[in-house]
Amino acid sequence: MLRRAALTTSAAAVAPLAQQRSIGMHLPKRDVVVGKFDINAEYDTFRERTGKTPDHDMAQYRKLYWRADETVRRAERYIQAQGFFHLPILDFPAYKGCPPLMSGQQLRIHYGRHHRLYVEKLNALLPGTKYEGMNLDDIIRLSAPNNNDDVAVFNNAAQHYNHSFFWKNITPWGCNIPPDFLCAIEEQYGTWEAFVEEFEAKAMGFFGSGWIWLIYDGLAKKFDIVALKNAGCPLTENSQTPLMTLDAWEHAWYVDFENEKAKYVKGYFKVADWHWAERHWKRATGQEYNQMIWDG
């Protein structure tokens with residue numbers, strides 16, 4: 263009953279939002295509260311998002327919350343189908359962060375404020391333009407700075423893509439390195455350690471804000487590590503397939519590490535999801551791979 267009621271409530275809210283082309287439906291529905299996980303605050307969030315009050319006692323709250331939250335997420339996928347962009351659904355609880363790289367406070371500021379702002383600006387810019395109704399990849403390619411003067415559209419679209427990719431290529435406490443991907447990296451770089459050292463050097467030598475990307479160059483038939491300034495995105499180069507990315511904007515690490523960027527860069531390899539990278543690499547090289555699910 264809870265799932266059906268939550269879905270009914272969410273679906274009823276979708277129609278007027280779609281008609282008004284509002285951008286107020288994005289996750290989270292309100293400003294993210296900075297600080298430790300507060301069960302009472304999350305309880306209020308549950309009521310706001312579903313319109314229902316749990317009948318269970320607080321000891322059973324978390325189980326109830328996550329079950330209803332999945333129903334709400336399905337309704338939000340319906341909203342996305344109406345032409346709106348929204349924050350991607352994280353594969354881990356935001357309040358826990360992504361240890362050991364990112365605390366819950368850092369993640370809530372980065373994901374719930376910085377990334378959210380790019381999404382809202384993008385949705386505000388698109389109505390009535392030639393980009394309305396396009397998918398994100400096409401918007402980025404067509405609005406690239408070397409093509410026209412739609413800089414604001416490009417910046418916000420690319421930052422939405424870059425951040426969404428970043429959230430999907432990290433996982434708490436990391437994972438093992440898939441054998442096929444490991445062999446391919448070692449064939450080009452000699453050893454895995456040499457690859458990591460080159461990636462870290464690229465990140466530490468990068469001045470200013472931007473993104474460090476591991477890409478596969480389809481023309482050169484090899485991996486490459488590239489540093490792109492500001493909202494730089496590999497999608498603007500047809501031969502490049504993005505595999506992994508590290509957010510090199512200062513807001514990505516300052517809450518946790520202050521001015522110690524090196525700790526942040528080294529911590530990235532403790533949470534990197536190399537299975538995500540391998541699937542993109544195999545897709546780019548025509549190999550068989552497990553299908554990826556990306557709510558970007």
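Under my numbering, think of the first position of the sequence shown as 263, with each following residue one higher. Glycine included, every Cβ here is placed at the ideal spot set by N, Cα and C.
Can the beta-carbon of residue i be found less than 8 Å from the beta-carbon of residue j?
{"i": "F416", "j": "T507", "result": "no"}
{"i": "P440", "j": "H537", "result": "yes"}
{"i": "L398", "j": "Y423", "result": "yes"}
{"i": "V488", "j": "W475", "result": "yes"}
{"i": "L363", "j": "V517", "result": "no"}
{"i": "A546", "j": "G480", "result": "yes"}
{"i": "I402", "j": "L497", "result": "yes"}
Terminal residues of the continuous alpha helix (DSSP H) containing residue i?
{"i": "V381", "result": "R378 to L387"}
{"i": "K484", "result": "Looking at the DSSP string, K484 is not in any alpha helix (DSSP H); the run it does join, the beta strand (DSSP E), is K484 to K491."}
{"i": "M466", "result": "W454 to M466"}
{"i": "A524", "result": "K523 to Y530"}
{"i": "D400", "result": "L398 to L404"}
{"i": "Q367", "result": "G366 to I371"}
{"i": "Y516", "result": "Y516 to F519"}
Helix, strand or coil for residue i, going by three-state DSSP, please let me know.
{"i": "G472", "result": "strand"}
{"i": "C437", "result": "coil"}
{"i": "I432", "result": "strand"}
{"i": "L352", "result": "coil"}
{"i": "P504", "result": "strand"}
{"i": "W538", "result": "helix"}
{"i": "D509", "result": "strand"}
{"i": "C495", "result": "coil"}
{"i": "Y451", "result": "helix"}
{"i": "D479", "result": "strand"}
Let me confirm a value: residue i is counted as buried when at least 16 other C-beta atoms fall within 10 Å, else exposed. Which label applies?
{"i": "K484", "result": "exposed"}
{"i": "S405", "result": "buried"}
{"i": "D509", "result": "buried"}
{"i": "F469", "result": "exposed"}
{"i": "R266", "result": "The pLDDT assigned to R266 is 44, lower than 50, so where the model puts this residue is not dependable; a value taken from the coordinates is nonetheless given after this. R266 is exposed by the Cβ-count criterion."}
{"i": "H348", "result": "buried"}
{"i": "C445", "result": "exposed"}
{"i": "N385", "result": "buried"}
{"i": "E540", "result": "buried"}
{"i": "G472", "result": "buried"}
{"i": "A465", "result": "buried"}
{"i": "A482", "result": "exposed"}
{"i": "E550", "result": "exposed"}
{"i": "A419", "result": "buried"}
{"i": "C437", "result": "exposed"}
{"i": "P389", "result": "exposed"}
Considering only heavy atoms of the ligand FMN, does any lie closer than 7 Å to the CB of residue i?
{"i": "I487", "result": "No copy of the ligand FMN occurs in the structure displayed, which carries no ligand at all."}
Quick test of your reading: residue i and residue j, contact by CB under 8 Å. State the CB separation rounded to the nearest angstrom.
{"i": "L352", "j": "W435", "result": "At roughly 15 Å, the Cβ-Cβ gap does not stay under 8 Å, so L352 and W435 are not in contact."}
{"i": "E462", "j": "V527", "result": "5 Å"}
{"i": "H513", "j": "H372", "result": "6 Å"}
{"i": "Y478", "j": "W543", "result": "5 Å"}
{"i": "G374", "j": "G366", "result": "Not a contact, Cβ separation roughly 11 Å."}
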